[in-house]
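*Asks:*
Numbering (full-length UniProt numbering), first residue to last: 1 to 62.
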């Protein structure tokens, strides 16, 4: 990856980004108690998580 580049990892609900210092940062769905929601890999991160509480938090703070 190049510095500043952001990609979704194929067949995963995970986003990888490369910082200006060359560090790779991975973001993925959080875990919660109870039956886990199955990710929808056809959607980009974070919409692929299928966890309403996570989507509400992201929309609130963005």
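The beta carbon of each residue, even a glycine, is placed where N, CA and C say it ideally should be. In this text, all values refer to a predicted model and were calculated from it rather than measured experimentally.
1) Spatial neighbours of residue 45 within its chain, please: C-beta separation below 7 angstroms, excluding the five flanking residues on both sides.
2) If you draw a straight line from the alpha carbon of residue 37 to that of residue 25, how long is it in whole angstroms?
3) Considering only residues of the UniProt domain "Single" (2-51), which uninterrupted beta strand (DSSP E) runs meet the minimum length of 3 residues and lie entirely inside it, listed in chain order?
*Replies:* Once the coordinates are examined:
1) 8, 13, 14, 15, 27
2) 23 angstroms
3) Counting only runs of at least 3 residues, the UniProt domain "Single" (2-51) fully encloses the following beta strand (DSSP E) elements, listed from N- to C-terminal order: 6-8, 14-18, 24-28.
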